[in-house]
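In the order they appear, the protein sequences are chains A and B.
Here the first sequence stands for residues 1 to 334, numbered as in the numbering used here.
Here the second sequence stands for residues 335 to 710, numbered as in the numbering used here.
Note that the Cβ used here is the ideal one computed from N, Cα and C, for glycine as well.
None of these values were measured; they are calculated from a predicted model.
Comments concern the structure below.
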Amino acid sequence: MSMNRRDFLKTAAAGGGMLLASQAVPVGAAMPKELPPEAIGMLYDATLCIGCKSCMVNCKKYNSVSRGALSSEQNIATPPYEFSTPEKIWDDPHDLSGKTLNIIKVVKNGTAVNKDAAENGYSFVKQHCLHCITPACVSACPVAALQKDPKNGVVFYLENRCIGCRYCQLACPFRIPKYEFEKASPQVRKCQLCHHRYEEGKFSACCEFCPTGASIFGKVVDLRSEAQKRLTLKPGSEYDFPVQTVGSKEKSRRIVSKYINHVYGMKEAGGTQYLLLAGVPFELLGFDKNISEQVLNDLTWTYISKIPAVIATILIGGAATWAITKGRHKDKEE
Amino acid sequence: MNNKEIKMMTPMTIFLIAVMAAGGVVAIYRLIFGLGASTNLNDIWPWGFWIGFDVLGGVAMAAGGFVIAGTVYILNWKKYKPIVRPAILNAFFGYALAATSIFFDIGQSFRIWHPMVMWQVNSIMFIVAIHVVLYTTTLAVEASPMILEKLRMTGAYRFVNKIMAPIVLFGVLLSTLHQSSLGAVYLIIPSKLSPLWYSSRLPYLFLVSAVMLALSMVSFETILSSRIFRHKVPFDVITGLAKGSLVVAALYFVLKVWDLASGPGIGAAFTGGFSANMYLLEMVVGVVMPLILLSMAKFRTALNSIFAVNILVIVGIVLNRLNVGIFGLAEYAGRLGADYFPSLMELILTAAMIAFAFFGFKVSAKYLNLFPGTEH
């Protein structure tokens, strides 16, 4: 080794400087945890849902178009129906998939006679992307193929960026992103809140075609207050439930059911823009009880934010060690 | 130079080439027909054997590169110089294989370069991707003197040797971050990974266990290659590595026990369930048995027992990576009714990667001066 101490320190400092400069971006770049200013979302009230699956049919139909969340040459020709019987009578997916972005499931207990009751009852539940305020999938994506609209908060997907690493699938606590494993050139598929329809003045197809107002679209602040209000209603009394959108003039007068005193999505995983109300505990409806109020991005950010300090420590400490031990080694050899 | 002791056309070489050929067929099939046709991956098991073994295990097994290079060039501990070249070469193969596996694992293989230009600094996967590229490049530079010497490019050889210390330091930095960030990948799934493995200390645990594995891996391959290629390695190098293993194993054991105690509690490892048993297996094989054996001087100073300990550590730490990457998610996936076992094609491609590493190492040992300063 013919290099002297000064050369070494110069080279190490240059390398370190380059790395530190490249790390300048992330400092303070942690993802926002506040609801975006014009955040839009959805409220699903399981007590109003009759399980007609109109939302599923129309989700598939209106997303199998150019710029839709199921867009592909093949899907535009024929929406990606999933048949579970050889007769292929109707689209009957059993879970979310690369072909199904929205699903109505029924959860039963015992004799299953009472609607929206945990014991000897049943409840519907509508599963799709919850559009987290700080989405784990957006945090996890190495190429920003999943992004959150800074204004309306929709979590959307840019297929041309995606490398197909599927870290979004691992990261999402709600198991929402699905992958087209069967394709040679696959994409991630998930609900994008029909953001391709806003330009035409339209909104999410599932809400537009929900006949009972079980799914309503609107600003998250309005949806939150509507949900909170419903929790204060007296079971058995009558209430005018808005249909399609939270501010809709069209109402559906119905008898108020007994709710579980919880709006799902207010705080889960740091809060979501899809909110749910139900008559049975959400754990029974398939929401993992291990999902806490923890903002998941914080867990990885804790690590990433330490990287500049690690770089500095190793370069300085390493150079110092080298300088000190170099002498020791010389003594030994000479 | 051409090491005449090493015969190329042996049944072993032919076997390795056959496995590589089978892997090549699988690779082409995978690219044409997609992941669904070639793997058993699904929406609940988005990651499988290629990530759990090839990437997590492969990168951990490659840690010898930075540990030994750092010892020789930064700590200036020249005693270990005879093993620095094989250690670097081994790391280079490890990383090349991990990168190859990632290429076939991602759904859009030909966009593998995207992270380099589409930075997303909140993503651990981005951090991991950057480090794979930078460190593989650094390893190529660290390994280049062997090639330059062979090609008699004296000027370039001298230049690389001159800047070796800062390059090695850069490599140590990248490795530290890369080994730990592979643990950090799992920080975002507290609701999915079993509490036996999920911990905010995952990055530290990955780093310390990688160093532990590094010492055993280097020792293992030194003993093995000295037998196969018939050259002598200073015995004090092997015993020195064993002493190092003892220190790191003790540290790792304390960290693991502390982590378990402050997480789900020590009792969680003794519930008799599948996850608990996998945890115990990993700890007994990879940490407890090596610790007991290495703590006894008569085993710590005998070649055969050191070799046995090396195998225990390699199996145990690789099992740890499989536990974090695969088995630790089994309970969660089981609740959802999804099962995963690697397909034949997944196994063949991985076998081909391993065959390539052995083959490449053999070719290097024959044509390059891989063990300078050792007698034949």
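Review point. Does DSSP put I216/A in a helix, a strand or coil?
Key: What you label residue 216/A is simply residue 216 of the first sequence in a count that begins at 1. Correct three-state label for I216/A: strand.
Review point. Across which residues does DSSP place K148/A in a beta bridge pair?
Key: On the first sequence, position 148 is the one that residue 148/A refers to. According to DSSP, K148/A bridges with V155/A.
Check your understanding: Would you say L618/B faces chain A, with C-beta separation under 8 Å as the test?
Key -> As a first step, residue 618/B must be located in the second sequence, where it is residue number 284. What sits at residue 618/B in the sequence shown is Val, not Leu. No, no contact with chain A.
**Study point:** A356/B and I688/B closer than 8 Å at C-beta
**Key:** Within the second sequence, residue 356/B is the residue found at index 22, counting from 1. Within the second sequence, residue 688/B is the residue found at index 354, counting from 1. Going by C-beta atoms, A356/B is not nearer than 8 Å to I688/B.
Review point. When the cut-off is 8 Å and only beta carbons count, does A117/A lie next to chain B?
Key: Position 117 of the first sequence, counting from 1, holds the residue named residue 117/A. Taking Cβ atoms only, chain B never reaches closer than 8 Å to A117/A, which makes this a no.
Practice item. Return the CA-CA distance between G662/B and L530/B, expressed in angstroms with no decimal places. Key: The residue you call residue 662/B lines up with position 328 of the second sequence. The residue you call residue 530/B lines up with position 196 of the second sequence. Going from the Cα of G662/B to the Cα of L530/B covers about 8 Å.
Exercise for review: Could you tell me whether the Cβ of D92/A comes closer than 8 Å to any Cβ of chain B?
Suggested key: Residue numbering aside, residue 92/A sits at position 92 when the first sequence is read from its first letter. No, its Cβ sits nowhere closer than 8 Å to a Cβ of chain B.
**Study point:** Start-to-end residues for the beta strand (DSSP E) that takes in M42/A
**Key:** Numbered from 1 along the first sequence, position 42 holds the residue referred to as residue 42/A. From DSSP, the beta strand (DSSP E) with M42/A extends over I40 to D45.
Review point. Exposed or buried, what is K126/A when buried is set at 16 or more other beta-carbons lying within 10 Å of its beta-carbon?
Key: Along the first sequence, one-based indexing puts residue 126/A at 126. Buried is the call here.
**Study point:** Alpha-carbon spacing of V697/B relative to M612/B, whole angstroms
**Key:** Here residue 697/B refers to the residue found at position 363 when the second sequence is read from its first residue. Here residue 612/B refers to the residue found at position 278 when the second sequence is read from its first residue. Between V697/B and M612/B, the C-alpha separation is close to 37 Å.
Point to revise | Beta-carbon gap between M42/A and S215/A smaller than 8 Å | key: Position 42 of the first sequence, counted from the first residue, corresponds to residue 42/A. Position 215 of the first sequence, counted from the first residue, corresponds to residue 215/A. Contact: yes.
Exercise for review: With a threshold of 16 other CB atoms inside 10 Å of the CB of T488/B, please say whether the residue is buried or exposed.
Suggested key: To locate residue 488/B, count along the second sequence from 1; it is residue 154. T488/B comes out exposed.
Exercise for review: Return the first residue and the last residue of the beta strand (DSSP E) that P242/A is part of.
Suggested key: Taking the first residue of the first sequence as 1, we reach residue 242/A at position 242. Counting along the chain, the beta strand (DSSP E) containing P242/A begins and ends at E238 to P242.
Check your understanding: Out of S596/B, F400/B, G597/B and F690/B, which has the shortest C-alpha to C-alpha gap to T510/B?
Key -> Here residue 510/B refers to the residue found at position 176 when the second sequence is read from its first residue. Of S596/B, F400/B, G597/B and F690/B, the residue nearest in Cα terms is F400/B.
Practice item. Using a Cβ-Cβ cut-off of 8 Å, state whether L130/A counts as contacting chain B. Key: Counting from 1 along the first sequence, the entry for residue 130/A is found at position 130. Not one chain B Cβ lies under 8 Å of L130/A.
Point to revise | Length of the line joining the Cα atoms of F438/B and C162/A | key: Locating residue 438/B in the second sequence gives position 104, where the first residue counts as 1. Locating residue 162/A in the first sequence gives position 162, where the first residue counts as 1. Between F438/B and C162/A, the C-alpha separation is close to 15 Å.
Review point. Does any residue of chain B bring its CB to less than 8 Å from the CB of V310/A?
Key: Residue 310/A sits at position 310 when you count from the first residue of the first sequence. Closer than 8 Å: yes.
Practice item. Tell me whether the beta-carbon of V263/A lies closer than 8 Å to the beta-carbon of K234/A. Key: Indexing the first sequence from 1 puts residue 263/A at position 263. Indexing the first sequence from 1 puts residue 234/A at position 234. The answer is no: Cβ separation not under 8 Å.
Point to revise | Nearest residue (CA-CA) to V743/B, options M623/B, P449/B and K413/B | key: Lying outside 335 to 710, the shown extent of chain B, residue 743/B is not represented and no answer is given.
Review point. What three-state label does DSSP hand G327/A in the structure shown?
Key: Your numbering for residue 327/A matches position 327 in the first sequence. In the structure shown, G327/A sits in a helix (DSSP, three-state: H, G or I).
Check your understanding: By Cβ distance below 8 Å, which residues in the same chain neighbour A432/B in space, the five residues on each side in sequence not counted?
Key -> Mapped onto the second sequence, residue 432/B falls at position 98. Here the set comprises D388, V389, G392, V393, A396 and V466.
Review point. When the cut-off is 8 Å and only beta carbons count, does V295/A lie next to chain B?
Key: On the first sequence, residue 295/A is found 295 positions in, with the first residue counted as 1. Cβ-Cβ to chain B under 8 Å: no for V295/A.
Review point. Cβ atoms of L146/A and C137/A: under 8 Å apart, would you say?
Key: Here residue 137/A refers to the residue found at position 137 of the first sequence. Here residue 146/A refers to the residue found at position 146 of the first sequence. Contact flag set, yes.
Review point. Given that a residue counts as buried once 16 or more other Cβ atoms are within 10 Å of its Cβ, and exposed if not, what is G315/B?
Key: Residue 315/B lies beyond the residue range present for chain B, which begins at 335 and ends at 710; the question has no answer from this structure.
Practice item. Would you mind listing the alpha helix (DSSP H) stretches within the segment 405-464 of chain B that are 4+ residues and don't spill past its ends, in chain order? Key: 418-439 and 448-451
Review point. Exposed or buried, what is E555/B when buried is set at 16 or more other beta-carbons lying within 10 Å of its beta-carbon?
Key: For the purposes of this step, residue 555/B is taken as the residue at position 221 of the second sequence. Burial call: buried.
Check your understanding: Does the beta carbon of Q513/B come closer than 8 Å to any beta carbon on chain A?
Key -> For the purposes of this step, residue 513/B is taken as the residue at position 179 of the second sequence. No - not a single Cβ of chain A is within 8 Å of the one on Q513/B.
**Study point:** Chain-ordered neighbours of G51/A on chain D, where CB pairs are closer than 8 Å
**Key:** Among the protein chains of the structure shown, namely A and B, there is no chain D.
Check your understanding: Measuring CA to CA, which of A320/A, T302/A and K99/A is closest to K178/A?
Key -> For the purposes of this step, residue 178/A is taken as residue 178 along the first sequence, with counting starting at 1. Ranking A320/A, T302/A and K99/A by Cα distance to K178/A puts K99/A first.
Review point. Sorted by chain position, which residues of the same chain lie with C-beta nearer than 7 Å to N261/A's C-beta, five sequence neighbours on each side aside?
Key: In the first sequence, the residue the question calls residue 261/A occupies position 261. If we look at N261/A and ignore the five residues flanking it on each side, its Cβ neighbours are L231.
Check your understanding: Are at least three pairs of beta-carbons, each pair with one atom in the segment 607-625 of chain B and one in the segment 568-578 of chain B, less than 8 Å apart?
Key -> no
Check your understanding: Does D288/A have its Cβ less than 8 Å from a Cβ in chain B?
Key -> Residue numbering aside, residue 288/A sits at position 288 when the first sequence is read from its first letter. Yes, because at least one Cβ of chain B sits closer than 8 Å to the Cβ of D288/A.
Check your understanding: Does the beta-carbon of S123/A have 16 or more other beta-carbons within 10 angstroms, so that it is buried, or is it exposed?
Key -> Counting from 1 along the first sequence, the entry for residue 123/A is found at position 123. It counts as buried.
Point to revise | F661/B in three-state terms, based on DSSP | key: Here residue 661/B refers to the residue found at position 327 when the second sequence is read from its first residue. In this structure, F661/B counts as helix in the three-state DSSP scheme.
Point to revise | Alpha carbon of D240/A to alpha carbon of S528/B, nearest angstrom | key: Translated into the one-based positions of the first sequence, residue 240/A becomes position 240. Translated into the one-based positions of the second sequence, residue 528/B becomes position 194. Computed Cα separation, rounded: 45 Å.
**Study point:** Segment limits, alpha helix (DSSP H) that includes L276/A
**Key:** Sequence index remark: in the first sequence, residue 276/A carries index 276 (1-based). Premise fails: L276/A lies in the beta strand (DSSP E), Y274 to L277, not in any alpha helix (DSSP H).
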